[in-house]
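Asks: Using my numbering, the first residue of the sequence shown is number 2, and each one after it goes up by one. Positions of the beta carbon are idealized from the N, C-alpha and C atoms, including for glycine.
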Amino acid sequence: MTAPPPLRTGNASGFYGDRFDALREMLTGGPLDVVTGDYLAELTMLILGRDRLKNPGGGYARTFLGQLEECLGLAHERGVRIVANAGGLNPAGLADAVRELAGRLGIPVRVAHVEGDDLTASNPGALTAHAYLGGHGIAACLREGADVVVTGRVTDAALVTGPAAAHFGWGPEEYDRLAGAVVAGHVLECGAQATGGNYAFFTEHPPERLHRPGFPLAELHEDGSSVITKHDGTGGVVDVGTITAQLLYETAGARYAGPDVTARLDTVRLTQEGPDRVRIEGVRGEAPPPTLKVGLSRLGGFRNEVTFVLTGLDIEAKAALVRAQMEAALDAAKSRPAEVRWELARTDHPDAPTEETASALLRLVVRDSAEDAVGRALTGAAVELALASYPGFHVVAPPGKGEPYGVFEAATVDRGAVDHVAVLHDGRRIPVPPAQTTRVLDDVPEPPLPEPLPEGPTRRAPLGLVAGARSGDKGGSANVGVWVRTDEAWRWLAHTLTVDRFSALLPETAGLPVVRHVLPDLRALNFVVEGILGEGVAARHRFDPQAKGLGEWLRARHLEIPEALL
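(1) Assess contact between the segment 144-151 and the segment 89-101, defined as three or more Cβ pairs (one per stretch) separated by less than 8 Å. Is contact present?
(2) Could you give the first and the last residue of the continuous alpha helix (DSSP H) run that contains Ala93?
(3) Tell me the DSSP secondary structure of Leu297 in three-state form.
(4) Please say whether Ile244 and Ala195 have beta carbons closer to each other than 8 Å?
(5) Hey, which unbroken runs of the beta strand (DSSP E) at 3 residues or more fall wholly within the segment 132-219?
(6) Is it buried or exposed, His114, if we count other Cβ atoms within 10 angstroms and call 16 or more buried?
(7) Would you tell me roughly how many angstroms separate the C-alpha atoms of Thr29 and Gly234, rounded to the nearest one?
(8) Going by the DSSP bridge assignment, what does Trp343 pair with across the sheet?
(9) Residues bridged to Phe309 by DSSP?
(10) Report back the beta-carbon spacing between Arg265 and Arg256 to the nearest angstrom; my notes put them in contact at under 8 Å.
(11) If you reduce the DSSP assignment to three classes, tell me which class Gln273 lands in.
(12) Could you give the uninterrupted runs of the alpha helix (DSSP H) lying entirely in the segment 484-529, keeping only those of 4 residues or more?
(13) Can at least three beta-carbon pairs, one atom from the segment 313-322 and one from the segment 379-389, be found at a separation below 8 Å?
(14) Consult DSSP for Val241 and reduce its assignment to one of helix, strand or coil.
(15) Hey, Ser1 and Val529: beta-carbon distance below 8 Å or not?
(16) Val183 CB to nearest chain B CB: under 8 Å?
(17) Does the pairing of the segment 458-474 with the segment 536-555 give three or more beta-carbon distances under 8 Å?
(18) Can you give me the start and stop residues for the beta strand (DSSP E) that Leu560 sits inside?
(19) Residue range of the alpha helix (DSSP H) that Asp415 falls in?
(20) Measure how close the beta-carbons of Asp277 and Val238 come, nearest whole angstrom, since I'm counting them as under 8 Å.
(21) Answer with buried or exposed for Val515, where buried requires no fewer than 16 other C-beta atoms within 10 angstroms of its C-beta.
(22) Quick one: what's Tyr257 bridged to in DSSP?
(23) Between the Cα of Val485 and those of Gly138, Pro521, Pro455, Ala76, spot the shortest distance and give me the residue it belongs to.
(24) Might you give, ordered along the chain, the residues of its own chain that have their beta carbon closer than 8 Å to the beta carbon of His77, omitting 5 neighbours on each side?
(25) Is the number of C-beta pairs between the segment 150-165 and the segment 179-193 that are closer than 8 Å three or more?
(26) Report, in whole angstroms, the separation of the C-beta atoms of Val323 and Val279, which I expect to be a contact under 8 Å.
(27) Which residues in the same chain have their Cβ closer than 6 Å to the Cβ of Arg347, if we skip the five residues on either side of it in sequence?
(28) In this structure, how does DSSP classify Thr121 when only helix, strand and coil are distinguished?
(29) Can you tell me whether Asn56 is buried or exposed, with buried defined as 16 or more other CB within 10 angstroms of its CB?
(30) Please identify the residue among Thr204, Ala180, Gly376, Pro260 whose C-alpha is closest to the C-alpha of Gly225.
(31) Looking at C-alpha atoms only, which residue of Gly170, Arg144, Ala132 is the closest neighbour of Thr156?
(32) Between which two residues does the beta strand (DSSP E) containing Gly286 stretch?
(33) What residue range is occupied by the uninterrupted alpha helix (DSSP H) comprising Lys55?
(34) Quick one: measure Cβ to Cβ for Gly286 and Asp177, integer angstroms, because I've assumed they're closer than 8 Å.
(35) Ordered along the chain, which non-local residues of its own chain (more than five positions away) have a Cβ less than 8 Å from that of Thr439?
(36) Got a sec, what are the start and stop residues for the beta strand (DSSP E) Ile316 sits in?
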């Protein structure tokens, strides 16, 4: 039998707010079979939850409708199917809105949606509670002829595994093939991060190539392998480095668990097949875990902040004075905020040529369950010091009334408790049964390390001269993936960047649990720092609430590096 042709699947959104015209670019830039859009993240679910409080008929990504108004006819003419998780908290509502739009535009498309992820009713106190579904509901919609499929909270990779399973006829236990699609989906899900965006070694490429990176696409094959590329003539770059960076993004160990399959990241092989073409092959898969991940968001309370500008001399003394004054005012308030955090950022330079570069920033953040405790008490105290504190007193912006903040929690639920359903364009409902075979998730034993480099001269230099990194958030934890590009550098990195060395280089991680995962085929180490983000991105626990810059901070730290690698 002749193998089915490759499935060309593109991405046109990596988050809610991504480049609006990306959908048109993907549809007009070259041939595609499917175009996907990822609109959901932990923070997005909270935002949509607050929107739904104001408008029960909302709760979905409205920009998706705007994109379809421009591009639905184009997709229909070219025979490109659209799969997006823009349904958020209300996929049925978005499906109805897409049908209304298509009718108004006179475009005969069949619109289906996937539901069953919403568990809010069974989680009292949660603003949103949603199970992460897999791709088999999407596949059922596509097999029944849907042109547009919208979902709620599915895994990001499900936007690719669903179309692949439908196109190639994969069964639910073809784990290696599904795992290959999961890896391709994980690469595509963040859009331009796979084509040179946010890339550690960006300076190695001409700047004009990175001004407007094109969005990625995957040529998926029946055996689960794929080639990651982009449309000809678009900006950006696709190479083994950009794909490695994205593979490490927001992952942990060798087992990358999902609702359809657990993909073994320690089996991924990357090959530069040609300019802007990277082949992914060799991916092995295992049965998925017996439970599904559930993301819960709730309103955690109220927060406020003020940033004092400290200019010139005596920065530490100025910070100490205003901090003592503010602490006394907060103590005297009717209700002192439950949480008070100070952070001094020494952004000042000696003998600076501009006032801004002569200034440091002192940031005060307060949180409490009561809005009043973070409102007038902070505003009044800060404003009243305008003429009574350190010389040169001013603030970046006066504090306001305070605003609500959110909290994210991760939980699990038995697969049988979730009613995964594909709802077709004609109203038929196709139940998606839970996986019949599962495997409890456990860690892979650490693989043997390569032989260390022989002793030789070293030079103290930034880690980033030899290693790339990418970091991100998962609830209250963060991951930092670190990789190198030669076998010699790997021999050094694997023995040098231990957990103790990592924590010493990043003092903010001291005292927090840090787990190191070794991925030899990628020449990579993946560090998971538990609890560094507090209660998640919506709580804005630290300066960088999504840990986006954590990897770049690590790369900027100095250590002894063999001169042979520099």
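Replies: On the basis of the supplied data:
(1) yes
(2) 92-106
(3) strand
(4) yes
(5) 149-151
(6) Classified as buried, His114 has 16 or more neighbouring CB atoms from the shown chains inside 10 Å of its CB.
(7) 12 Å
(8) Leu365
(9) Leu363, Val396
(10) 6 Å
(11) Per DSSP, reduced to three states, the secondary structure at Gln273 is strand.
(12) 488-497, 500-506
(13) no
(14) Of the three classes helix, strand and coil, the one that applies to Val241 here is helix, per DSSP.
(15) There is simply no residue 1 to check, as the chain begins at 2 and stops at 567 in what is shown.
(16) In the structure shown, chain B does not exist; there is a single protein chain.
(17) yes
(18) Looking at the DSSP string, the run of the beta strand (DSSP E) that includes Leu560 is 559-563.
(19) That residue, Asp415, is in no alpha helix (DSSP H); its beta strand (DSSP E) goes 404-415.
(20) 7 Å
(21) buried
(22) Ala264
(23) Pro521
(24) Ile108, Pro109, Val110, Asp148
(25) yes
(26) Not a contact, Cβ separation roughly 52 Å.
(27) Ala361
(28) In the structure shown, the three-state DSSP call for Thr121 is helix.
(29) Label assigned to Asn56: exposed.
(30) Ala180
(31) Ala132
(32) 285-287
(33) 43-55
(34) 5 Å
(35) Excluding sequence neighbours, Thr439 sits near Ala288, Pro289, Pro290, Pro291, Arg416.
(36) Looking at the DSSP string, Ile316 is not in any beta strand (DSSP E); the run it does join, the alpha helix (DSSP H), is 316-333.
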